[in-house]
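Asks: In our numbering, the protein residues as written are 4 to 98.
Even glycine gets a Cβ: it sits at the ideal position worked out from N, Cα and C.
First, the structure itself, so that you have it in front of you.
Here you go:
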């Protein structure tokens, strides 16, 4: 149990179907912004490649997942429209 005054109180807790904890991290604000862009998924797209293209760093794939409520980064489908925050917003507010 996480206490209300814990630094993890606002974290996302991921659990498997068996109840095992898969990890946790702090939530980020994913409120839509005027400078968000949209990308329609085409054949060959991957979340890490989109993060590199739009955010300048493939390691920021998790931000695109959070913005689009994707639990598994491989679950994108052809034609799906992804909302991606601006690189400036990510650098100034999220990281």
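If you follow the alpha helix (DSSP H) that residue 153 is part of, which residue opens it and which one closes it?
Replies: Outside the displayed range of the chain (4 to 98) lies residue 153, so it cannot be described from this structure.
Asks: CA-CA distance, residue 45 and residue 97?
Replies: Spanning the two alpha carbons is a distance of roughly 27 Å.
Asks: Classify residue 67 as helix, strand or coil using the three-state DSSP reduction.
Replies: Three-state result, residue 67: helix.
Asks: Would you mind sorting residue 88 into buried or exposed? The rule is 16 or more other CB atoms within 10 Å of its CB.
Replies: Residue 88 should be labelled buried.
Asks: Quick one: Cα of residue 25 to Cα of residue 74, how far?
Replies: Confidence in residue 25 is poor, its pLDDT being 49 and thus under 50, which makes the residue's placement unreliable; the coordinate value appears in the next sentence. So the alpha carbons of these two residues sit roughly 12 Å apart.
Asks: Which class does residue 25 belong to by DSSP, given the choice of helix, strand or coil?
Replies: Any answer about residue 25 is weak, because its pLDDT of 49 lies below 50 and its placement is not dependable; what the coordinates show is given next. Looking at residue 25 - three-state DSSP - the assignment turns out to be strand.
Asks: Between which two residues does the alpha helix (DSSP H) harbouring residue 61 extend?
Replies: First-last for residue 61: undefined, no H or E at that position.
Asks: Alpha carbon to alpha carbon, what distance is there between residue 51 and residue 62?
Replies: So the two alpha carbons sit approximately 7 Å from each other.
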